[in-house]
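Have a look at the structure below, then the notes.
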Amino acid sequence: MHPATATPTHCPYCALQCGMNLAPGRGESPLAVEERADFPVNRGALCGKGRTAPALLSSRVRLTEPLIRSHATGRLEPATWEEALDTVAEGLDRNRRAHGADAVAVFGGGGLTNEKAYALGKFARVALGTSQIDYNGRFCMSSAAAAHQRAFGLDRGLPFPLADVPRTGCVILVGSNLAETMPPALRYLTELKENGGTLIVVDPRRTRTAEQADLHLAPRPGTDLALALGLLHLVVAEGRTDEEFIAGRTTGWPAARAAAMAHWPEHVERVTGIPVPKLREAVRMFCAPESAMVLTARGPEQQSKGTDTVGAWINLCLATGRAGRPLSGYGCLTGQGNGQGGREHGQKADQLPGYRKLTDPAARAHVAEVWGVDPDTLPGPGRSAYELLDALGTDTGPRALLLMGSNPVVSAPRAGHVEERLRALDFLAVADVVLSETAAMADVVLPVTQWAEETGTTTNLEGRVLLRRRALTPPPGVRSDLDVLHGLAARLGPGQGHPDLEKKFPTDPAEVFAELGRASAGGPADYAGIDYGRIAREDGVFWPCPTPGHPGTPRLFLDRFATEDGRARFVPVEHRAAGEEADAAYPLLLTTGRVVAQYQSGAQTRRVDELNAAAPGPFVEVHPRLAESLGAVEGQPLAVVSRRGRAVAPARITDTIRADTVFMPFHWPGEGRANTLTNPALDPVSRMPEFKVCAVRVETVDAAGRDTTPSTGAETADAAA
Ligand code: SF4
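For the sequence shown, the residue numbers in our numbering are 614 to 1334.
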């Protein structure tokens, strides 16, 4: 049904959560996007993904009825909601009764609203009694989150609003291609430079973002940690530390200092490939102004040492007094639409709502009281995302899986193996908007409402809690994820002696948000003072916000850090090799990332004509020297081979990439799937897989896909090293 008036809301995609108005549409699209210049984060600007988001609301590209896999045909066939929910409840319950509660797993997503993420975590622990829940945000922000917790005692992506960025003196942007991932945010960097500030970009590729930089540092993939340590070494050697700040507001400096002093500039040059003069220039630019920031994204974080790498950048900020002060600090540019809120309210394997720890008895007691259950019935922490996927269908792992808002067949590392594990399950249910590659493997597919058809909150990369409003009535065949959980609880409860279990799973998002506020009260991410009316009036409220009269907290740590003693903690870190380094058999390094017209696994954006026209398929970015050694020309199919598999995509030859490195975007399934190749080596603290670096070789192939390579690229890699 077409709406009568425009509705102010937010984009369904990335963590910038751009404001937009949804006006009545024309033709096939029920809605049209209009600028919303009064929303302070994007000030009216939108990228192509946001502008075209209503295209997914049309029934032509989406699921509008439940599907059940037919035993007779093996195909997914239309079913009623009653049949579908009965089948899901039976599939989950059958495995739980036969093999115990942990035989049933739940997998969520960083795109789910706060209400859904909260309800999903509660559903796993209360309705299923399983510890086996995690989500795809583990693949995105978990290393930065862990480093935040270690250093500051609290994880909020940005401890300051984006509006502070143009007013600082220098920004080091590490492993972020804002120009493609969230284009409206590039404006903050442009304004920084217009105000006289400087921009340093750290990226193995000379991206469109790096083109804007005053200084571009292009380290060998997997060496950002050595780079940060080398810069800290120079800060100390050149007497640029802020001793008063270190003494008054931090602990642990001597050990961190000693670790950094082992990283001589010449050694760092050999490890990273960045010449010493450029290292010195970076230190001068960072230390010269009164204030400065370091912002990281997936580049340094998606490594098997991501937590330590982020920790090293935080140490640089602390040693120079660039933290806990106005216009200075470290921040993480969160990726997914609700990447921040999605990690705060209980869908993570080790967490309860409000960013409480599942292992903390007081936290368990508080949340159990809100949920009306005995704290002893709450399971403990479960497996992290990749470990959970890796265990599916094994003798000791989950045998049934309920998956919401994620497409691991495309987005998980070592995706071919993950596909095998999904196939080994006894039962798979997927709730999604479209028939994603993962949904296509399910026993039951539940078609759910999407952003413009439901109300709910998200928390953007600044920690600003936002309200997405329902702008039109969903098609009759779809239900919200909250309805799904309510319907499943109604079916699972009676068999457990809880005939009214469904009452614990309301379907009204405002009711769920109010309960989330109570569950988060007193916790690190305290939402107790926030309600829908207030978000609407104030256009977002920054957490923590413990009471209705509290103003919210746009800037953290100005008086004290969130540690017990109020001081930030230096953590000594050492550089170490990536999980896989280049060798004779695999002489090149693969790094992966995104392009501007597609989003994450592409499940949504690959169904939008305009976006597909702009970015129709995968490619392999190679340096001209590597292309020459292979005898490859632009557009020629190249096979990229790692220890986990082989992906084929056309060559894109460019001198914006290092000669020892190749790049593939990860949005596509099939033979060009980048994640067929990636290494699931995990960070020991965050359990983040190493998407950003693995060893590969590149081969030319003929039309039939046969290897025609005269060279593996080893010569080029040697030359570049
Ligand atoms: Fe949407 Fe992100 Fe694009 Fe903004 S930058 S329109 S939030 S995808």
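We put the CB at the ideal spot given by N, CA and C, even for glycine.
Let me make sure I understand the geometry here. Which of the options has the alpha-carbon closest to that of residue i?
i	options	result
Arg1036	Glu1050, Thr700 and Gln1217	Glu1050
Phe1174	Ala905, Ala718 and Gly861	Gly861
Val1209	Arg1257, Asn1073, Gly865 and Arg664	Arg664
Val674	Glu641, Trp694 and Glu703	Glu641
Val1125	Ala998, Glu1194, Ser789 and Leu733	Leu733
Phe589	Thr700, Gly959, Gln1063 and Ile887	Since the first residue shown for the chain is 614 and the last is 1334, residue 589 is missing from the structure and cannot be characterised.
Arg1310	Arg1150, Pro1293 and Asp1273	Asp1273
Arg738	Leu838, Leu965 and Arg1256	Leu965
Val932	Ser997, Leu842, Phe652 and Ala1028	According to the sequence as given, residue 932 is Ala; it is not Val. The shortest Cα separation from Ala932 among Ser997, Leu842, Phe652 and Ala1028 belongs to Leu842.
Glu857	Gly766, Arg883 and Gly934	Gly934
Asp1121	Gly1108, Gly724, Arg1092 and Leu1105	Arg1092
Leu676	Trp694, Lys662, Ser683 and Arg853	Trp694
Rounded to whole angstroms, what's the CA-CA distance from residue i to residue j? Just pull it up for me.
i	j	result
Asp816	His846	20 Å
Asp921	His1030	28 Å
Leu946	Glu1247	33 Å
His1236	Asp1008	45 Å
Ala692	Arg911	40 Å
Gly632	Pro834	35 Å
Ala760	Gly924	5 Å
Glu1328	Asn1020	Note that Glu1328 scores 45 on pLDDT, short of 50, meaning its location in the model is unreliable; the coordinates nonetheless yield the value given after this. Cα-Cα distance, rounded: 38 Å.
Thr622	Ala850	50 Å
Ala1116	His1099	Checking the sequence, you will find Lys at residue 1116 rather than Ala. Lys1116 and His1099: Cα-Cα distance of roughly 8 Å.
Thr885	Leu1201	15 Å
Gly742	Lys735	9 Å
His712	Ala685	27 Å
Ala1294	Lys1305	11 Å
Val1254	Gly937	45 Å
Pro625	Ser744	29 Å
Asp1178	Asp1139	20 Å
Gly1006	Arg1034	6 Å
Gly766	Tyr731	22 Å
Asp837	Ala1252	27 Å
Ala1197	Asp706	50 Å
Ordered along the chain, which non-local residues of its own chain (more than five positions away) have a Cβ less than 7 Å from that of residue i?
i	result
Thr844	For the sequence presented, residue 844 should be read as Leu rather than Thr. Closer than 7 Å at the Cβ level, and outside the excluded window around Leu844, lie Leu892, Ala895, Val896 and Leu929.
Arg1189	Lys918
Val907	Ile785, Val787, Trp926, Leu929, Cys930 and Tyr943
Pro797	Leu629, Cys631, Asn655, Ala658, Leu659 and Cys660
Met874	His846 and Val849
Leu1002	Pro1021, Ala1025, Val1031 and Arg1034
Since residue i is in the beta strand (DSSP E), which residue starts that stretch and which ends it?
i	result
Asn1073	Premise fails: Asn1073 is in no beta strand (DSSP E) and is neither H nor E.
Thr1204	Leu1201 to Gly1206
Tyr626	Per DSSP, Tyr626 belongs to no beta strand (DSSP E) and is neither H nor E.
Glu793	Careful: Glu793 lies outside any beta strand (DSSP E), inside the alpha helix (DSSP H) at Leu791 to Thr794.
Met1277	Thr1274 to Pro1278
Arg682	Leu680 to Arg682
Pro1060	Val1057 to Pro1060
Asn1020	Premise fails: Asn1020 is in no beta strand (DSSP E) and is neither H nor E.
Ala1042	Phe1040 to Asp1045
Pro1293	Asn1292 to Leu1295
Hey, quick one: how far does the alpha helix (DSSP H) through residue i stretch, first residue to last?
i	result
His958	Run containing His958: none; DSSP gives neither H nor E here.
Tyr748	Taken as a continuous stretch (DSSP letters only), Tyr748 belongs to no alpha helix (DSSP H), being part of the beta strand (DSSP E) at Ile746 to Tyr748.
Gly813	Checking the sequence shown, residue 813 turns out to be Ile, not Gly. Where Ile813 is concerned, there is no enclosing alpha helix (DSSP H), although the beta strand (DSSP E) it sits in stretches over Thr811 to Val815.
Gly704	Trp694 to His712
Arg883	Pro878 to Thr885
Met1301	Met1301 -> no alpha helix (DSSP H), and no H or E assigned at all.
Ile927	Gly919 to Ala932
Pro1263	No alpha helix (DSSP H) holds Pro1263; the beta strand (DSSP E) holding it covers Gly1258 to Ile1266.
Gly944	Premise fails: Gly944 lies in the beta strand (DSSP E), Gly942 to Cys945, not in any alpha helix (DSSP H).
Leu847	Asp837 to Ala850
Asn727	Asn727 to Lys735
Here's a check: name, in chain order, each residue in its chain whose Cβ is nearer than 6 Å to the Cβ of residue i, leaving out the five neighbours to either side.
i	result
Ala1332	Reliability of the predicted coordinates at Ala1332 is poor, the pLDDT of 40 falling under 50, and the value obtained from them is presented with this limitation in mind. Result list for Ala1332: empty, nothing under 6 Å.
Phe1155	Gly1076, Arg1077, Gly1165, Thr1166 and Pro1167
Leu1016	Phe720 and Val1043
Thr1205	Met1277, Phe1279, Ala1287 and Phe1304
Pro1137	Leu767 and Tyr968
Pro1339	Because the chain is modelled from 614 through 1334, residue 1339 falls outside the range shown and cannot be assessed.
Beta-carbon within less than 8 Å of residue i's beta-carbon, same chain only, minus the 5 sequence neighbours each way: which residues are those?
i	result
Ala1141	Gly1130, Arg1131, Ser1133, Ala1134, Gly1135, Cys1158, Pro1159 and Thr1160
Ser1024	Asn749, Phe752, Gln1213, Ser1214, Phe1279 and Asn1288
Leu799	Leu791, Ala792, Thr822 and Gln825
Note to self: Below 8 Å, how does it come out for the stretch 1252-1264 and the stretch 1279-1286: are there three or more Cβ pairs, yes or no?
What the structure shows: These segments touch.
Notebook entry, point to check: Is the stretch 975-986 touching the stretch 766-784, taking contact as three or more C-beta pairs under 8 Å?
Noted result: The answer is no - the stretch 766-784 does not touch the stretch 975-986, with fewer than three Cβ pairs under 8 Å.
Notebook entry, point to check: Do three or more CB pairs link the stretch 1295-1315 to the stretch 742-762 at distances below 8 Å?
Noted result: The answer is yes - the stretch 742-762 touches the stretch 1295-1315, with three or more Cβ pairs under 8 Å.
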